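Protein chains in written order, with the UniProt record's numbering: chain A, 1 to 139; chain B, 1 to 139.
Each residue gets a CB set at the ideal place from its N, CA and C atoms; glycine is no exception.
Nothing here was measured: the structure is a model prediction, and the numbers come from that model.
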DNA sequence: ACCGTTGTAACTATTATAGTTACTACTCGG
DNA sequence: CCGAGTAGTAACTATAATAGTTACAACGGT
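Below is the structure:
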């Protein structure tokens with residue numbers, strides 16, 4: 001069973017940690033210890049979060065901080081930042097169905113629109129939750 | 001990017017074909033030709049659809065037919081039948097976060113409930129669409 | 001009894017992921 | 001100005017699931 005990569009849950013964990021810690025504490029090694037993985041895994045994910053404009057990292061000396069308030073970061077923002085699934089690509093489609101068959105010819109367009117509705121429903125739900133809603137539960 | 005297996009889209013294609021064709025025509029080879037894949041792939045998926053009580057297959061002579069009307073088969077039924085994602089398992093979670101850290105200790109329970117809401121939202125949308133809504137579009 | 005079919009097992013190639021090692025470049029404090 | 005600690009990144013490995021393939025046994029009707 002193929003699941004959505006744990007990059008996403010690690011990214012959420014990472015951002016929660018940055019939100020509740022002082023900036024200078026938040027080195028890759030510190031985060032890696034809380035997540036319980038290799039620091040390089042964290043640095044890679046931090047690179048994606050930086051590209052998405054969610055965090056900034058102090059090169060050389062280390063430490064990270066948020067570029068938006070936790071109220072303004074949703075799970076959907078994080079999900080998109082780590083490229084875990086692209087637009088309309090949650091469901092893999094079998095390739096080149098037979099054009100000579102009425103079903104084969106039409107299945108893709110007919111089914112894809114339903115699948116993309118389903119994907120949207122999930123993403124819409126992710127957009128309802130902000131980082132701040134999570135961090136209050138660690139107090 | 002990990003996507004949900006094309007077993008699902010192939011299963012939907014297969015059931016559409018069974019719904020619009022006469023039972024005796026629906027051999028594995030015939031379906032495989034429409035889907036454009038190897039017959040064994042179809043037989044494996046048919047095995048799952050049988051286990052789920054959606055179709056019956058005539059052994060020896062070949063051919064398949066639905067055990068429910070197309071109005072009573074939803075995309076969610078098919079999605080569950082092909083075991084493409086289990087309950088609450090759409091999102092992979094990183095393992096063994098550090099219990100010594102307030103974030104590490106709580107992240108799983110806090111985040112999992114949001115993620116399972118998101119997964120439910122998607123599945124709820126899949127349950128809205130029936131096989132008959134698809135097949136009318138092939139007429 | 002034969003032919004076409006289903007049901008499976010076994011193997012391969014492909015793909016994405018997660019973790020690891022190693023190295024470079026950067027910043028600051030001494 | 002140098003060294004300690006950190007970030008950034010490339011390269012490699014192990015793992016896992018998938019999709020396709022070959023092969024073969026079992027079945028059923030003509």
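Checklist entry - For the alpha helix (DSSP H) that contains residue 15 of chain B, what are its first and last residues? => result 7-20
Checklist entry - Is any beta-carbon of chain B found at less than 8 Å from that of residue 2 of chain A? => result yes
Checklist entry - Of all the CB atoms in chain B, is at least one closer than 8 Å to the CB of residue 72 of chain A? => result no
Checklist entry - CA-CA distance, residue 6 of chain A and residue 113 of chain A? => result 27 Å
Checklist entry - Tell me which same chain residues have a C-beta within less than 7 Å of the C-beta of residue 23 of chain A, skipping the five on either side of it? => result 63, 64, 65
Checklist entry - Which residues in the same chain as residue 49 of chain A place their Cβ atom closer than 8 Å to its Cβ, once the five residues preceding and following it in sequence are excluded? => result 11, 14, 15, 55, 78, 81, 82
Checklist entry - Counting contacts by CB-CB distance shorter than 8 Å, is residue 80 of chain A in contact with chain B? => result no
Checklist entry - Is the shortest distance between the beta-carbon of residue 39 of chain A and the beta-carbons of chain B less than 8 Å? => result no
Checklist entry - Ends of the alpha helix (DSSP H) at residue 64 of chain A? => result Here residue 64 of chain A belongs to no alpha helix (DSSP H); instead the beta strand (DSSP E) covers 64-66.
Item to check | Cutoff 8 Å: residue 66 of chain B Cβ touching any chain A Cβ | outcome: no
Next on the checklist: I'd like to know if the stretch 98-118 of chain A and the stretch 37-52 of chain B are in contact, where contact means that at least 3 CB-CB pairs between them fall below 8 Å.
Outcome noted: no
Checklist entry - Along chain B, which residues have their Cβ under 9 Å away from the Cβ of residue 59 of chain A? => result By Cβ distance, chain B contributes nothing, its closest Cβ being about 24 Å from residue 59 of chain A, past 9 Å.
Next on the checklist: With H, G and I counted as helix, E and B as strand and the rest as coil, what does DSSP make of residue 31 of chain B?
Outcome noted: helix
Item to check | Beta-carbon contacts of residue 32 of chain A that lie in its chain and below 6 Å, excluding the five residues immediately before and after | outcome: 39, 42
Checklist entry - Using a beta-carbon distance below 8 Å, is residue 121 of chain A in contact with chain B? => result yes
Next on the checklist: Less than 8 Å between CB atoms is the rule here; does residue 106 of chain B satisfy it with respect to chain A?
Outcome noted: yes
Checklist entry - With a cut-off of 8 Å, does the C-beta of residue 137 of chain A fall near any C-beta of chain B? => result yes
Item to check | Start and end residues, alpha helix (DSSP H) containing residue 170 of chain B | outcome: Summary: the structure shown does not reach residue 170 of chain B, with chain B confined to residues 1 through 139, and so no result is reported for it.
Item to check | Inter-residue spacing [alpha-carbon to alpha-carbon] between residue 123 of chain B and residue 101 of chain B | outcome: 34 Å
Checklist entry - Around the C-beta of residue 97 of chain B, are 16 or more other C-beta atoms found within 10 angstroms, so that it is buried, or is it exposed? => result buried
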